[in-house]
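Here is the structure we will look at.
Protein chains in written order, with UniProt numbering: chain A, 1 to 347; chain B, 1 to 256; chain C, 1 to 283.
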């Protein structure tokens with residue numbers, strides 16, 4: 001069971017807080033989409049609107065081709081997996097998973113068979129008689145998933161599903177979630193503030209900030225070619241270099257960069273630490289002095305100060321084979337495709 | 001569904017306020033029977049009640065018993081809570097159980113037990129014996145409230161004080177008690193409210209000087225009277241004021 | 001500070017409260033227990049191990065009926081109060097907007113602080129032959145003659161229910177608001193209607209709280225003398241009323257003590273019953 005989702009010009013206010021601003025978004029059937037952003041950005045509100053727990057002040061929600069804007073949660077082809085899982089503590093795992101089927105009037109034998117099937121899908125086949133309090137956090141998360149999937153929703157909504165787990169378990173569970181989504185084919189909409197989780201798991205990431213969609217696209221595109229300064233920063237560490245766009249391109253303290261299509265005025269040049277190179281390829285950024293360098297296993301992280309801009313500190317990820325001492329002078333460069341420039345308007 | 005809920009709410013509030021509303025309304029009755037039809041309003045019963053020495057004496061006695069017994073209960077409760085929370089004592093779980101035990105027994109039984117012992121030992125009944133009974137019922141509450149608020153974060157402040165050279169007495173007086181002031185105040189207020197209203201122990205354990213609930217009880221024998229309405233309204237007003245003060249001081253504390 | 005002086009100091013803090021409880025609660029209680037096995041010869045008390053009082057309780061109708069009456073009233077009050085208080089608590093917790101809930105709760109339990117004796121008297125004003133209800137019904141022509149409301153078991157139960165509805169609303173409300181709102185969301189999300197959500201999710205999750213509140217109601221109700229004495233009249237007596245009669249008119253302390261012990265035993269049984277409930281539904 002799967003369906004597409006279309007959100008059209010959603011607006012919502014909590015008192016004076018404009019929680020959702022002109023949200024329009026299309027999600028394909030069977031797609032795995034992540035809503036990514038800091039707390040308070042509106043991502044959970046948007047999920048609640050999708051699930052039917054909040055009636056938006058303006059705009060329309062289509063699931064498949066049907067207008068679902070004011071349809072009650074029970075009547076929607078969506079189910080929500082809650083952040084605290086909301087497993088019913090007084091029921092066995094099997095009764096938890098079978099709850100939706102029971103409400104739909106499915107006979108006991110049939111709903112137990114289906115519940116066991118779903119428990120099997122999440123690897124808890126043998127534990128149907130246990131109560132939620134006997135499980136670990138990761139296991140509870142799986143039961144919540146099985147319960148939400150048992151009613152065969154067309155769209156599954158996940159509210160920070162891995163937020164309560166420790167880092168290692170979170171990384172393991174995100175692979176499992178992706179795997180289960182492929183097996184069942186249901187459309188997944190997943191809310192998180194962890195950009196690594198979003199990148200690992202999604203077909204498409206929707207970056208949100210202050211109630212707006214900042215950027216939406218596949219993880220690689222968003223990471224490498226973010227549409228806004230906010231999206232660029234939120235996806236990972238970023239060097240900011242102040243610039244002035246003029247006839248010669250973007251002028252910075254280091255060098256002039258090509259900025260053909262940009263309007264003149266103040267701008268910010270963005271370069272990821274791993275895009276800073278020492279091999280001289282691409283555009284030269286000039287010499288820089290190493291302030292300190294730390295070995296991180298897969299790379300060496302260095303703070304460097306360009307000779308031409310003594311007040312600036314850049315972060316560079318160097319090959320793990322070298323650990324330059326403070327004071328070492330490096331010759332830095334960057335490939336043209338690794339540079340993003342945001343003017344005031346695009347920021 | 002929604003309408004039914006509001007309807008139920010209105011009905012429930014009607015039921016809850018019916019007796020107290022009637023009580024207060026007919027305390028202003030101009031006539032000798034506090035029943036319909038309502039004539040008034042008149043303040044004659046309030047003036048009469050406030051001029052009645054028996055009533056004002058009883059009110060005064062009630063206040064003394066309430067404040068005195070609460071002070072003793074809170075002091076004993078605080079010391080016990082400090083001892084049990086901060087010192088490792090053998091059988092501490094048993095002692096906690098023992099201190100809480102009077103909560104599980106009805107006031108009538110507490111009063112009866114004390115009455116038997118007092119009778120046997122020949123100690124005369126007075127406000128003091130009623131106060132002793134009130135300490136018995138309020139001590140468990142005071143202990144439980146204060147014990148529950150003795151968190152580990154306070155313990156570190158006490159360690160720091162000891163580390164800086166404070167004696168044990170100074171630690172308790174200058175560090176622990178001020179930090180627990182909200183809990184101590186809450187225990188005291190609750191204790192005062194309960195003691196102030198308590199009837200059966202005061203009834204069994206007093207003789208010549210009596211508390212207000214016992215005075216009201218003796219007036220009840222002569223049936224319905226606007227005098228009783230007036231006294232009841234005054235007592236209600238005093239209790240409600242105490243509750244509201246507690247509510248708003250607690251509210252302010254939570255917000256800060 | 002060494003462990004030894006620490007322990008001694010600790011005892012010093014605990015001792016006053018402990019001694020107070022021992023002297024004025026435990027000792028009187030034990031004396032009362034012993035008293036229940038004493039007997040009266042004429043007007044003089046004879047200590048010993050007589051079962052006379054307990055035999056009397058079991059055989060004299062006037063006494064064992066009081067036990068039954070107390071049990072019937074207490075159970076009725078407990079059940080009716082829970083049934084009436086639950087919807088009120090639920091409406092305040094789920095229907096009243098959050099910013100008004102505290103006020104609604106405060107208002108719902110404000111008359112709780114009416115003086116104990118006065119509260120029963122106030123019900124007398126409402127229920128008496130010439131009282132508010134009868135006068136109102138006569139005035140609007142529903143009845144011609146006053147109906148008997150006061151001095152009945154109905155009046156006792158009404159007075160008790162009024163008090164315990166307020167108490168239980170408070171405890172059940174506290175129970176309801178500490179449940180994660182996601183339980184209700186999850187249930188409706190999975191297709192449960194309002195009744196199913198209540199029946200399968202909210203009610204089972206609040207059972208331990210209800211059991212606690214019901215136990216409290218039971219204990220306070222069965223031991224109360226004032227409400228049945230003021231509102232119930234003299235047609236039937238409850239255990240506390242009989243205890244007071246023994247103390248007053250006859251000064252029969254042994255029999256009063258035996259009744260008190262039976263009352264405590266009933267409370268213990270109620271505790272065991274509700275404790276088992278609690279554990280059954282503990283999660």
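All residues carry an ideal CB built from backbone N, CA and C; glycine is no exception.
If you're wondering where the values come from, they're calculated on a predicted model, not measured in any experiment.
Just tell me which of the options has its CA closest to the CA of residue i.
i                      : options                       : result
residue 326 of chain A : A:230, A:314 and A:292        : A:292
residue 156 of chain A : A:77, A:165, A:84 and A:174   : A:77
residue 195 of chain B : B:29, B:65, B:7 and B:37      : B:65
residue 32 of chain C  : C:157, C:182 and C:254        : C:254
residue 246 of chain C : C:256, C:239 and C:143        : C:256
residue 231 of chain A : A:241, A:213, A:247 and A:246 : A:213
residue 118 of chain C : C:240, C:209, C:230 and C:90  : C:230
residue 318 of chain A : A:277, A:75, A:147 and A:62   : A:277
residue 185 of chain C : A:40, A:48, A:331 and A:24    : A:48
residue 241 of chain C : C:67, C:87, C:134 and C:140   : C:67
residue 187 of chain A : A:203, A:208, A:136 and A:256 : A:203
residue 286 of chain C : C:54, C:219 and C:34          : With chain C covering 1 to 283 only, the question about residue 286 of chain C has no answer from this structure.
residue 191 of chain B : B:28, B:62 and B:6            : B:62
residue 144 of chain B : B:114, B:121, B:103 and B:55  : B:103
residue 177 of chain A : A:24, A:121, A:262 and A:1    : A:121
residue 91 of chain C  : B:56, B:10, B:229 and B:47    : B:10
residue 139 of chain A : A:87, A:184 and A:189         : A:87
residue 42 of chain C  : C:24, C:129, C:252 and C:138  : C:252
residue 24 of chain C  : B:111, B:181, B:74 and B:45   : B:111
residue 222 of chain A : A:160, A:298, A:198 and A:164 : A:198
I'd like to know whether the C-beta atoms of residue i and residue j end up nearer to each other than 8 Å.
i                      : j                      : result
residue 168 of chain C : residue 260 of chain C : no
residue 173 of chain C : residue 105 of chain C : yes
residue 426 of chain A : residue 128 of chain A : Only positions 1 to 347 of chain A appear in this structure, which leaves residue 426 of chain A out of reach.
residue 333 of chain A : residue 280 of chain A : yes
residue 81 of chain C  : residue 238 of chain C : no
residue 173 of chain A : residue 162 of chain A : yes
residue 153 of chain A : residue 34 of chain A  : no
residue 126 of chain A : residue 85 of chain A  : no
residue 336 of chain A : residue 193 of chain A : no
residue 157 of chain B : residue 172 of chain B : no
residue 7 of chain C   : residue 87 of chain B  : yes
residue 122 of chain C : residue 232 of chain B : yes
residue 59 of chain A  : residue 10 of chain A  : yes
Going along chain E, which residues have a C-beta under 8 Å from residue i?
i                      : result
residue 135 of chain C : Chain labels in this structure do not include chain E; the protein chains are A, B and C.
Taking 7 Å as the limit between beta carbons, can you name the residues of its chain near residue i, skipping five residues before and five after?
i                      : result
residue 72 of chain B  : 135
residue 130 of chain B : 65, 201, 202, 205, 206 and 211
residue 315 of chain A : 237, 239, 273, 301 and 303
residue 279 of chain C : Because residue 279 of chain C sits at a pLDDT of 46, beneath the cut-off of 50, its placement in the model cannot be relied upon, and the following sentence gives the value as read from the coordinates. Same-chain partners within the cutoff: there are none.
residue 111 of chain A : 98, 101 and 102
Apart from the five residues just before and just after residue i, which ones in its own chain have a Cβ nearer than 6 Å to its Cβ?
i                      : result
residue 221 of chain C : 74, 77 and 160
residue 211 of chain A : 18, 19, 20, 21 and 42
residue 49 of chain C  : 37
residue 274 of chain C : 211 and 215
residue 17 of chain B  : none
Since residue i and residue j should fall inside the 8 Å C-beta cutoff, what is the C-beta to C-beta distance between them, to a whole number of angstroms?
i                      : j                      : result
residue 146 of chain B : residue 97 of chain B  : Not really, about 17 Å apart at Cβ, beyond 8 Å.
residue 84 of chain B  : residue 95 of chain B  : 7 Å
residue 114 of chain C : residue 20 of chain B  : 5 Å
residue 243 of chain C : residue 108 of chain B : 7 Å
residue 285 of chain A : residue 254 of chain A : 5 Å
Here's a check: name, in chain order, each residue in its chain whose Cβ is nearer than 8 Å to the Cβ of residue i, leaving out the five neighbours to either side.
i                      : result
residue 177 of chain C : 93 and 101
residue 241 of chain B : none
residue 165 of chain C : 81, 84, 85 and 88
residue 228 of chain B : 34, 216, 219 and 220
Starting from the N-terminal side, write out each stretch of the beta strand (DSSP E) that is 3 residues or longer and does not extend beyond the stretch 252 to 311 of chain A. 265 to 271, 283 to 295 and 300 to 306
Which residue spans inside the stretch 198 to 252 of chain A form an unbroken beta strand (DSSP E) run of at least 3? 204 to 209, 212 to 217, 239 to 246 and 249 to 251
Contiguous alpha helix (DSSP H) assignments of at least 4 residues, all confined to the stretch 178 to 228 of chain C: 181 to 189, 194 to 197 and 203 to 222
As an exercise, report each continuous alpha helix (DSSP H) stretch of at least 4 residues that is fully enclosed by the stretch 72 to 106 of chain C, in chain order. none
Every unbroken alpha helix (DSSP H) within the stretch 110 to 196 of chain A, with a cutoff of 4 residues, ordered by chain: 137 to 150 and 167 to 184
Which runs of the beta strand (DSSP E) fall wholly inside the stretch 8 to 42 of chain A and span at least 3 residues, in chain order? 17 to 27 and 32 to 36
Which runs of the alpha helix (DSSP H) fall wholly inside the stretch 194 to 230 of chain B and span at least 4 residues, in chain order? 200 to 205 and 212 to 220
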